[in-house]
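Protein sequence lines correspond, in order, to chains A and B.
The first sequence begins at 560 in my numbering and counts up one residue at a time.
The second sequence begins at -1 in my numbering and counts up one residue at a time.
Where is the CB? At the ideal position from N, CA and C, for every residue including glycine.
Down below is the structure, laid out as structure tokens.
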Amino acid sequence: MEFLTWEVVLNALGEVGSTVLYIFAGTVLLELFVYFLWTPLRALSRRVDGWLDPLGDRLRHLVATVLMAVVVVFAVRAIAVGQTPSPWAPYWPLTVVVFGLGLFISPNALNIFQSELRLAYMLLAPAVVGLLLLVVFPLLWELNVSLTNLNPRHFQSPDYIGLTNYLEVFTKPVLKQVTFFPVLLRTILWTAVNLLFHVTGGMILALLLNRKMRFKGLYRALLVFPWAIPQPIAVLAWRGEFHFEYGFVNIMLQRLGLPAIQWMTDPTWNFIAMSITNIWLGIPFMMVILLGGLQSIAGDYYEAAELDGASAWQQFWGVTVPLLRPVLTPAVILGTVWTFTNFNVPFFINQNELETSDTLVTALFRSAFQYFNLGDAAAFAFVIFGLLLVFSVLYIRVTGGLKGAYE
Amino acid sequence: MTATTIPERKQPTAFQRFFRARGREDSPFGRLLIHIALILACVLSVYPVLRVITISIRPGDRLLSTSLAIIPDDASLEAYRTVLVEKEFLVWLWNSIAITAATAVVGVILSATSAYAFSRWQFPGRIPGLIFLLSTQMIPAPMLMVPIYILATKLGLTQSYRGLVLAYSVTSVPFSIWTLRGYYDTIPHDLEEAAFIDGASSLSAFWLIILPLSAPALVIVFLFNFMAAWSDYLLARVMIASERSLWTWVLGVRDFQSQFQTQWGLFAAASIMVMIPVVALFLYSSKWLISGLTLGSVKG
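Here is the structure:
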């Protein structure tokens, strides 16, 4: 047991503060590096371009692409899986050389090293390095592991087994009993149900609030509550309220003369409990987004529609919805992705670890952190990632949203 | 010549008023209905929170009760006292505050600068970069936990806050960059060009013009970063779970809640104390919330 003494306060502060200082120092070094290396690299890129010009852009593109592919393959293979270091690891400086070669051989080098871009790269550098370290590297590691049989039986020296893991995601149980497709279907159902309620609930509340009225600020503040509460608290509180005997949900049901429900042990009701919790959590976000969108629609549109004799229903579908699209499209994509990958709600509400309540993401967590089937889990993770990616691309294509991003 | 009839403007029905844009009057009856609907919605959204308060002030011997009274008989602050004095709660809270404040600030700085580059320069790799940032949002959180944990172990960053601070600062950067870039794009370039004529550099234009104008978006991004780190469970569990004194409040509260019988009141009291500052921060910034979230995307 430890209490909040000065020592504890200073200890935490020191650790966090020194980390921030390290980050700051690293950033300064990085900026200096980019700043001073810029001119020589630029000169080099021009000279190389002069030499290679007779080769033609096509050939240079081809060579550069091949070299970059070599870099990626090498980077993946050089990452150690398990305890023994990869035999490729000692040669990693070569990748830097190959990467440099690829960069300068590419006809894009001249574009990359334009003089007015120095500041842009300096602004980008810290985030790029951070993302390389904490997103790209983990992804490459995961890609590498997904090709091996890294699991509790082969922890020391896993073997490369090709795409077997990817096949097994679909053919073998992902946990103890459940297979991939039932979990996928459940996750899709979970996402669809939640999103439907989020968007309709949020839309109704936004429409109600979008007028001059008394207590508008108060209503908005109270309605935003579920979003403002830290998610783990909200979810754990709901879990308590689904308790068979002492949770308010069952108490209320019984007072209404209905039978109490086994929220924690019955698979269907557990799924409904998860959904209730997440719907409660997610409506405020949609409400806030849609309210912002509604406020940006000028009243003239409605007046014009009314002159043309449009009914309220027609006005809603003909004016409000199309004009909300720029706001709605990103919100729906984000909402889908967040619901699909939501971890806290399905994980915590499912107190008895029913496999029948697992969504893809909690199944992934269990597979990796409870059964330590890291190889399988990695392949599983890439399948989930791929599904979401495909969904988003399709959704953006179909709705034509996010156009602004590419201007 | 035929006389054209001008269609008479119909009086809208109560149903039509429901879907009406702001600034026009509703009938008194319609107003009443709207208020009733909103009050109902507010009750639904606040009731579970009220219940947490109720449980936190129940006396210790009556934690498990089937009463629905908001203020229980013999209300006591016993649970608060226990949490504050007999448990490490304050240590956990302090740990969380230190980590979260640092990561939110670092995260905002990282993304505010990069988003400016994405908004104002057409560098090669800009669009692939944006697509990459968007696709990182599709990564299921547990996917990166194992490699991040292994990386942190190799660098000796586990069981300390170093790894946590680094990871939190970076993982919310993609979303922040998207939000901020969208917002910067709505600021006309003329403003900066005028400053350039006056001899300002790009950097001082960014500092003096862009940053102050994007205050709402910066607030949003700060809030998102803050909330992400403040209520994270997964990464904290992976990185610092083994030592109780290092825990953040999430790990502690989860520990209270894991035994329903004994510590339900402690969970409730601790939750209320964690909730108050965050909810206050959230409500205070809610006026920026709407403009910051939507302005960037409205442009399309």
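Mapping DSSP to helix, strand and coil, what is Y805 of chain A?
coil
Evaluate S229 of chain B with the Cβ neighbour count: other Cβ atoms within 10 Å of its Cβ, from every protein chain shown; 16 or more gives buried, anything less gives exposed.
buried
Could you tell me whether the Cβ atoms of L669 of chain A and D608 of chain A are closer together than 7 angstroms?
yes
Spatial neighbours of T836 of chain A within its chain, please: CB distance less than 7 angstroms, with the 5 preceding and 5 following residues excluded, ordered by chain position.
V794, W797, V904 and I908
With a threshold of 7 angstroms between beta carbons, is Y78 of chain B in contact with chain A?
no
Could you confirm whether any beta carbon from chain B is found closer than 7 angstroms to the beta carbon of A832 of chain A?
no
State the start and end residues of the unbroken alpha helix (DSSP H) segment that holds N909 of chain A.
No alpha helix (DSSP H) contains N909 of chain A, which DSSP labels as neither H nor E.
For N93 of chain B and T564 of chain A, I'd like the C-alpha separation in whole angstroms.
12 angstroms
Along chain A, which residues have their Cβ under 7 angstroms away from the Cβ of L232 of chain B?
F902
For a test of the three-state rule: what should DSSP assign to Y147 of chain B, helix, strand or coil?
helix
Give me whichever residues DSSP pairs with Y719 of chain A in a beta bridge.
A:T707
The alpha helix (DSSP H) with Q157 of chain B in it runs from where to where?
Boundaries for Q157 of chain B: no alpha helix (DSSP H) harbours it, and the DSSP string shows neither H nor E there.
Taking all protein chains shown into account, decide if M811 of chain A is buried (16 or more other Cβ within 10 angstroms of its Cβ) or exposed.
With fewer than 16 other Cβ atoms within 10 Å, it is exposed.
Count Cβ pairs between the region 718 to 729 of chain A and the region 917 to 929 of chain A that sit closer than 8 angstroms; are there 3 or more?
no
Does any CB atom of chain B fall closer than 7 angstroms to the CB of F801 of chain A?
no
If we call anything under 7 angstroms between Cβ atoms a contact, is A77 of chain B one with L209 of chain B?
The Cβ atoms of A77 of chain B and L209 of chain B do not sit closer than 7 angstroms to each other.
Is the number of C-beta pairs between the region 680 to 687 of chain A and the region 585 to 601 of chain A that are closer than 8 angstroms three or more?
yes
Quick check on G21 of chain B - is its C-beta less than 7 angstroms from some C-beta in chain A?
Confidence at G21 of chain B is low in this model, with a pLDDT of 43, below 50, so the placement of that residue is unreliable and no value is reported for it.
Go to L201 of chain B, then tell me how far its alpha helix (DSSP H) extends in each direction, as first and last residue.
S200 to A203
What residue range does the alpha helix (DSSP H) around F774 of chain A cover?
Counting along the chain, F774 of chain A falls outside any alpha helix (DSSP H), and DSSP gives it neither H nor E.
Along chain B, which residues have their Cβ under 8 angstroms away from the Cβ of P649 of chain A?
Per Cβ cutoff of 8 angstroms: no residues; P649 of chain A is ~16 angstroms from chain B at best.
At a CB-CB cut-off below 8 angstroms, which residues of chain B make contact with P791 of chain A?
S229, Y231, V248, V251 and R252
If you measure from the beta carbon of P785 of chain A to each beta carbon in chain B, is any gap under 7 angstroms?
By the rule that beta-carbons nearer than 7 angstroms mark a contact, P785 of chain A touches chain B.
Assuming P564 of chain A is part of the alpha helix (DSSP H), what are its boundary residues?
Reading the sequence as shown, one finds Thr at residue 564 of chain A and not Pro. Run containing T564 of chain A: none; DSSP gives neither H nor E here.
Taking just the CA atoms, how far does W597 of chain A sit from L676 of chain A?
10 angstroms
According to the Cβ coordinates, are N703 of chain A and V635 of chain A closer than 7 angstroms?
Yes, the pair counts as a contact, with Cβ atoms nearer than the cut-off.
At 9 angstroms on the CB atoms, spell out the chain B contacts of Y719 of chain A, in chain order.
Neighbours of Y719 of chain A on chain B: none; closest Cβ ~18 angstroms, over 9 angstroms.
DSSP three-state call for W247 of chain B: helix, strand or coil?
helix
Quick check on R617 of chain A: does DSSP put it in helix, strand or coil?
helix
For V622 of chain A, collect the residues of the same chain with a Cβ closer than 6 angstroms to its Cβ; drop the 5 residues on either side in sequence, then sort them by chain order.
Correct list, in chain order: I664.
Which class does R56 of chain B belong to by DSSP, given the choice of helix, strand or coil?
For R56 of chain B, the three-state secondary structure derived from DSSP is coil.
Which chain B residues sit within Cβ distance under 8 angstroms of W797 of chain A?
P46
Thinking C-alpha only, which one of B:A100, B:I270, B:T184 and B:F280 is nearest Y581 of chain A?
Per the C-alpha coordinates, the member of B:A100, B:I270, B:T184 and B:F280 positioned closest to Y581 of chain A is B:A100.
For P685 of chain A, return the contacting residues in chain B, with the cut-off set at a CB-CB distance below 9 angstroms.
I107, L108, T111 and S112
State yes or no: is the beta carbon of A150 of chain B nearer than 7 angstroms to at least one beta carbon in chain A?
no
Under DSSP, the alpha helix (DSSP H) around F714 of chain A begins and ends at which residues?
Where F714 of chain A is concerned, there is no enclosing alpha helix (DSSP H), given that its DSSP letter is neither H nor E.
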